[in-house]
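Worksheet: the structure to be examined is printed underneath.
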Amino acid sequence: MTSLAADVVSALQVGAVVALAPLLTGIMRKVKARTQKRMGASVFQPYYELSKLWVKDEVVSESTSWIFSSTPWIVAVATVTAAFFVPVFLPFSPFSAAGDLLLVVGLLALARFFTMLAGIDAASAFGGIGTSREMMISSLVEPGLFLTIFVVSLTLGGTNLTSLVVAAAKTGVVIAPSMLFALISLFVIILAETGRLPFDNPATHLELTMVHEAMVLEYSGRSLALLEWSQSTKQLVLLALLVNLFLPLGMPTSIEAGVTMLGLGSVAVLLKVCLLAAVVAYVETRVAKWRLFRVPDLLAVAIAVAMVGMVFFYL
Amino acid sequence: MTPDYFSTLLPAIVALFILGALLPLVFRDPRRESIASFVPAAVGSLLTVVLSASVLLSHQVFRFSSPVVAALPSMSLSFYIDGIAAFFMLIIGLVATPVSVYSLGYANSYSGKHSVRALGSLLNVFVLSMVLVTATNGVFSFLLFWELMSLASFLLVVYEHEKETNLRSGITYLVMTHIGTAFIMAAFLVLYFQTGSLSFDSFRASAGNLGPFTKDLVFVLALVGFGTKAGLVPMHIWLPKAHPSAPSNVSALMSGVMLKVGIYGLVRVTLDFAVPSSPGDAWLGMLMVVAGSSSALVGVLYASVEHDIKRALAYHSVENIGIIVLGLGLSVVFMSYGLETIAALALLASMYHSLNHAVFKGLLFMGAGSVLMGTGTADMNKMGGLAKKMPWTALFFLVGSIAIAGLPPLNGFVSEWLTLQALLSSYQVPNVVLQLSIGFASIALALTVGLASATFVKLFGISFLSRPRSQAAEEATEAPVSMIAGMTIAGSLCVALGVLPFVATSAIASGFGFDMGLVSSYAPFGPLTVGYAADGLRSVSSLSMPMVLLLTGSVGAALLGFAAVAGSGKKTVTRPYVTWEGGFGALGERTQYTATSLSQPIRTVFKWFFRPHTTVERDFFSDSNHLIKKSVSVYSETREVFEDDLYSPALRGVVYVLDRMRRLQTGKINSYLLYMMVATIALLVLVVFQP
Amino acid sequence: MQVPLSEILTLTAVGLLLSTFGVVVRRSFEGWLSAYRYQSVVLAGSTAVIAYETGLWEIYAAAVLTLVVKAVIIPRLLVRVTDSVKDEFKIEANPLVSIRLSLLISALLIALSYGLIHETLISANLDVYALTYLPVSLSLFFIGLFVMVSRRMALNQVVGLLIIENGLFLFTTALTQGVSLIIEVGILADILVGVMISALLLLRMSQTFDSFDMASLESLKDD
Amino acid sequence: MSTLAAGLSSGAVPSGWSILVLTVLLTPAVALVLVTLGRNRRYAELITVCSAILVMAQTLGLVAGVISQGEFSALSGYLYLDAFGALVLIPIAGVGFVAALYSVSYMGRQYERGVVDDRHLTRYYQGFNCFVLTMLLVPLSNNMGLMWVAIEATTLVSVFMIMLYTNQRAIEAAWKYLIVATIGLSLALLGIVLFSYANTSASSPAAASGSGLNWTSMVADAKLLDPGIVKIAFVFVLVGLGTKAGLAPMHTWLPDAHGEAPTPVSALLSGVLLNCAIYGVLRFYIVASGTLGAALPSELMIILGLLSMGIAAASIYFQKDMKRMLAFSSVEHMGIVSLAVGFGGFIGLFAALLHIVNHAIAKPLMFFASGAVSQRYETKVMSEIRGVIKTMPLTGAVLLVGGLAIAGMPPFNIFLSEFLVLTSGFGGGQFVAASLMLLLLVVIFAGFLRHLVPMVFGSPKGPGLVLTASEGPGERGAGLSVLAIGVLVALVVVLGLYVPQPLQTLIRDAVQVFGQGAPAL
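Protein chains in written order, with the working numbering: chain G, 1 to 315; chain Y, 1 to 691; chain V, 1 to 223; chain D, 1 to 521.
The following block contains the structure:
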């Protein structure tokens, strides 16, 4: 297909991702509520909240600087840009030529960097707590994440996302042992990255358990909306990535597969992501939040598993 | 590129720096002194850039031999500027230019207290010596300029010599670097033993037929020697002492450039004199990989708990040097297996990171300098809120932080991308042990990257954001225009090197004469590409920063457009108000997080490394009731593992031996005569009864 | 009756060694001086013998000089210098090495010198004087040195120095029958001046420290 | 006496050079007489400076002669000068010259401070000239017996000079110096006599002409000498003259003597006298290596050299007294010289000779600077001297330069020769010894810096010192001392970058004397 068409398609894909992200959050909340024997709000509740926040007035602490006010925009831009490089529904992203898996990680890290700064900027102790905890977790996530990427790129070849996804699709259902280990470690890491239990409790408002929530505590109105939205976008992107790399079932092996196959593939991806989200939510109801200084143990597990994966690949 | 144009350029540069060193001596008024010394320095550095750039563009080696001969024919003072030398001269010039501009303003902060004149001329000598080190082509002249560099930098480190601590760190620095020089000298002289000549040309000529043992010996000696100057663990201990002691513009040069000169020596030896050729040499590469990754980790760990801004930056230099050496080591490993393409990739990564680190570390130290000038303290726990007081400094410090944290879209990210790609390419090494160990080494690098960004959240956040933590920070003022200008140059370099990588990559490629294995990486505006090809799988991973920037821009535009459209319904207003204090009344600056508390979780996680020694003092209202405390104060300091567990014991041992030896001087003439008697008889016995 | 040369030489050699033992054994300054005087006389005698055998007038002169300078002038000088000092400072009360042990060590040193000479110089065709006197002179040298090492008194060290000089002189004359005269003269003059200077120093010492104990000369050291 | 007369009547080489040889010796002698006659301070100073200048001039003439037409002898072979001798002659005259200049201001200041009186001064200048005379005689004498006499004479004279201040420390130092040096020289005499015996017994012509003590004849038939004798003879000479040259473990007198002598004398002692002694050792080294082959003598030289460096390193590291530290560094540098000779080869010998010259330049500079400092601070204890760069900026700078030079930092001259020494060591495959030397150099550097940096920088303790922040009061002869120091600093820097052509040729010729031709590299 022509490059223009490709760009249009992938723009649509990104639009879909951004549009569906809050829905995913809603679904997770719903599942969580149900597993906790609650009715729970509608799955579209996140959309209502966003639209409400979008038109609300803002209260900004006077001890903040331009960092605080620009952070939501930077975060949003970085996250959405990252989405452009990830083949979410299609086994293809035209921008894979411009950036790869490492760039995606980098962009998400940029977003986190500014979020952490904003946490400090308001000069409140809550923001400080959030930032300092996030500093620890994010820096410990890094090695596990990179080791996973290492294994994946060894098994599927390179870091170019399109060719990774295609290669994964080619492998079909059977999964290499190294990939299995990588999957486990990546799952743990995504929990940490998206701030789910047992690392962080997205639903909390207790300073003892807050990480991400503490950093964005000072935000209100449109800024808060942007932050929440980017958070769910990030969540969707990462889950989709995991699905496409490790559970490629139903994903066509090439963009020339024809519209129906592609459509089916997209639907399959959507279903798998929702399923995965449900699993994550279910896990959240089963486990309690871990004490902050037990979190490193979990991340260490992730690293160790990934290392085993690498050993399995080479031997 | 006509040679005569070159041969006028180099003397011109030398002359300019010498002028800059001498001119200030004739003036009396500090203002004039700083102009007289730093303007020539700036021009000279600019010319250095020109010279190196023209060498790089012309793809030809420039030789220049002066008539001066030290003592023996092969000790003549001759210069040889090939691509490698030119590339490092480029680094020197690129950093020295903004720093000289910056110094114009910065030097005034010393006027009255110290002699600006001394600062100016020493700085000129310092830069000149570094340029000449890279340019020179003989063992003697190399050591000459090398030690001149150390000497000048030492004098700059003890510039504020009233402080005993500065003197002590100066001595540590000079002694450590002298030890390094000893190793370098040994390495070169072992080569001399092989070739019988002191000129680098002969070393190059005989690089091929170097005995394996000799090669290993030279390699290890050079690694220790140059590693000491570059601040490689465990020879790094001088670095966090010396850089904070020196004036900030000097720290910028030392950390940005001088460490690279150490790297230059390492590169020169590995690529020119002791070239790895057989798989037997791979372990040398692994040695560098291990040293590099441990340096990276150790450096960033210490930086993450440091609250003195300049010390933190110094530790980050250790970290980045580690990353550079890691890349170099990888390329050595690949070279020794004859994997040319990925060897080039790893070398590209390492050199690119050298360039980047030079630029952004220079920028950061300049920023730290203007913060120092503005607030009068280097302790971050006394800063805060400077983003409002010194907006420009804040902006550029932020740029530097993003760059050094390896985040897109700035230059740090590109070189770290390349380094990671080089690590990922290690699957081509036909040796499982090496594959695995390189893979595990990548953990250290990844952890380093993560901790680095965390640390710079702390560095920037604590010093520039939230509220002032002290009166000094309250009254901080923005730096003068010349300093801003210097930082602007460096900052824009950071951006340029980030979004237009092909400039640097093509320079490096021509400098190091790569066969165009990754050709598209050097084409203008072309993406950086790394090929993958193994059992059936083929793919090309690529990164095109201009594209990324374009995309980011359009996304941003789209978002703003969306906001405009979606928000048009109701006009929202933004009300400033106090930070929510949780209902406890007004927040003082004491309630904010400090640098120390911010890094507390990390310190706790890496307890085994820092072995923090924490003392808690509780003050009670009454001894009967220990539940109600009047005050609780916590003191926590981390230990310098290397000094306490490595250097102090070694030093103690040496001192013990020396102490025993010197006691020979008993003051008793009887013992003196006894020595003579024993010596005579011993020597007689030796000569008479020896075969 | 005609006494064979070698007997005379051996006799003188024994005399020299005995006189050296005298220095080692005696504890008082007068004792050392008399032993030294005796030694110098024997030395002059043996020099005269060599002179008689070789018939070189320079060596006669040397013998006479030795007799005059070493047996008369130097002892006088030393007595003159030290008569101001109280007697208890002229007695080696407790040497660093006990007398008996010193005697043993001196014997060992003599053995060493004989061994050395025979190990090395046997190849060179030495004449009878050399063969007799070289070991003796070497042992004089070493014993003198040992005396200086093992005693506390400055005076004792001067005496040791003198013994060494005697050994030196004997060595020179025995080995090379008369190196060119001005050298001999120069050497003798140097020795004389050296002794005079040391005498002067002794005088200064007796004024500043009013003792010759080495213990008062240990302030210059490293710690 | 007859031989002497004959020598005077028929000079071996009837050329102007031999006359110059005699006059250069006569100049200080005449000066000595004049100083003794006119018992007057100003007068003595004038005479001494003039004679120093004259000696300098004539020495340069002699050097020119040597360069132009090789060696020549005088006084029927008693006196003799070749490139090696000339090379040692230069520092004697040069340091004598600067020391004379410096003496005027230094002793003048001592006089004003009431440390010395006119009688002392006269004796000082007598001793000075006599000292120069005896030292000049050492490299000029071909007859080794004469050389021994000269060296012994230097001992006696310098003892006098050290006794100038008749305090307890001075007397103690003088006594130790006298005893140890005399013993050493007696050992040396044993060796010399053995050499001459070996010579006379081996070769008939030497024995016939009665010139068995002449170095020229020794080296001429070095091959014929009896190796057994030469072995022990060389050991005796090495230990004996080594004592005078301050090689460990016979160096023990040196720190005391150099530490307690008046500063100009210390400069002469360690800048020149040591050279004379090591010169003697090397003369016999040449003969011995001619007989035994270079292996054994080189081994001995290396052993003693490393020992000296080691002991110097230890003592420098813990030193408290400035002048003693300098003295120990002299031990170190003599060790380096003997090490270089031990390494041998063209470069090694070149380095050794160059190092002799360099040390003779840098060490007096250091002594002069430290003398000025200790006069100002009225102590030699380094821990009490702080911030010289503030109280006396010029002297502070000189102290820094000299200290760095002595410690072997480029771009100063000592580094050049040390580098050459190491080059010869590694080039000759003597990895162990060379690496040890490198290690010890580093330790010494550290020890030196440990004392030097706080002295030069830092903030002065004495409150009065900062107020009068200037280069001492402008008393008489200050200009002279500045001139002396300036000359030395210039030399230290210039010789660090390159060795002038004449000096190079001279050293090359001197290396030829060692039987080492064919410049390597």
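Built from N, CA and C at the ideal position, the CB exists for glycine as well.
Residue nearest to Phe318/D in terms of C-alpha spacing, selected from Leu132/Y, Val654/Y, Lys388/Y, Asp535/Y: Val654/Y
CB contact below 8 angstroms: Thr131/G versus chain Y: yes
Cβ of Ile92/Y within 8 angstroms of any chain V Cβ: no
Inter-residue spacing [alpha-carbon to alpha-carbon] between Thr64/G and Pro501/Y: 35 angstroms
Inter-residue CB distance, Val218/Y and Val190/Y (contact presumed, cutoff 8 angstroms): 5 angstroms
Under the three-state DSSP convention, the category Ser442/Y falls into: helix
Backbone secondary structure at Thr455/Y - three-state DSSP: helix
Sequence-distant residues of its chain with Cβ nearer than 6 angstroms to Ser294/Y (five each side left out): Val233
The beta strand (DSSP E) enclosing Glu58/G, as first and last residue numbers: 58–61
Continuous beta strand (DSSP E) stretch holding Leu79/D: start and end: 79–81
Beta-carbon proximity list for Asp308/Y, same chain, < 8 angstroms, skipping 5 on both sides: Pro244, Ala378, Asp379, Met380
Pro296/G at chain Y interface by Cβ criterion, 8 angstroms: yes
Residue-level contact to chain V via CB, Leu191/Y, 8 angstroms cutoff: no
Contacting residues, own chain, Cβ-Cβ under 8 angstroms from Asp213/V (five flanking each side not counted): Phe89, Arg152, Met153, Ala154
Whole-angstrom C-beta distance between Gly384/Y and Glu589/Y, which should lie under 8 angstroms: 7 angstroms
For Ala93/D and Met56/D, believed in contact at Cβ under 8 angstroms, the rounded distance: 5 angstroms
Sequence-distant residues of its chain with Cβ nearer than 8 angstroms to Leu62/D (five each side left out): Trp17, Leu20, Val21, Val24, Leu81, Ala86, Leu89
Where Gly425/D falls, given that 16 or more other Cβ within 10 Å makes a residue buried: buried
Contacts around Thr477/Y, its chain only, beta-carbon distance under 6 angstroms, and the 5 residues preceding and following it disregarded: Gly374
Asp216/Y - containing alpha helix (DSSP H), residue span: 212–230
CB contact check: Met185/Y to chain D, cutoff 8 angstroms: yes
Val98/D to Ser374/D span [Cα, whole Å]: 19 angstroms
Cβ-Cβ separation, Leu266/Y to Leu174/Y (assumed contact under 8 angstroms), whole Å: Contact doesn't hold; Cβ gap of about 21 angstroms is too wide.
Interface flag, Asp210/V vs chain D, CB-CB below 8 angstroms: no
Burial state of Phe621/Y, where buried means 16 or more other Cβ atoms lie within 10 Å: exposed
Cβ-based neighbour list, Ile669/Y, same chain, cut-off 6 angstroms, excluding 5 preceding and 5 following: none
Under 8 angstroms between C-beta atoms of Ile192/D and Thr120/V: no
Neighbouring residues, chain V, relative to Leu658/Y (Cβ below 7 angstroms): Neighbours of Leu658/Y on chain V: none; closest Cβ ~11 angstroms, over 7 angstroms.
Under 8 angstroms between C-beta atoms of Val85/V and Ser206/V: yes
C-alpha distance - Lys458/Y paired with Met661/Y, whole-angstrom precision: 50 angstroms
Residue interval of the alpha helix (DSSP H) (run including Leu577/Y): According to the sequence displayed, residue 577/Y carries Tyr and not Leu. Element bounds for Tyr577/Y: not the alpha helix (DSSP H) but the beta strand (DSSP E), 574–577.
Those runs of the alpha helix (DSSP H) which lie wholly inside the stretch 67–121 of chain V and span at least 4 residues: 74–82, 99–120
Proximal chain Y residues relative to Gly458/D, where beta-carbon distance stays under 8 angstroms: His161, Glu162, Glu164, Leu167
Check: Ser69/G C-beta below 7 angstroms from any heavy atom of the ligand SAM: This structure lacks the ligand SAM; in fact it carries no ligand of any kind.
8 angstroms Cβ cutoff, Gly114/D in contact with chain Y: no
Contacts around Gly127/G, its chain only, beta-carbon distance under 8 angstroms, and the 5 residues preceding and following it disregarded: Ala118, Gly119, Ile120, Asp121, Ala214, Met215, Leu217, Glu218
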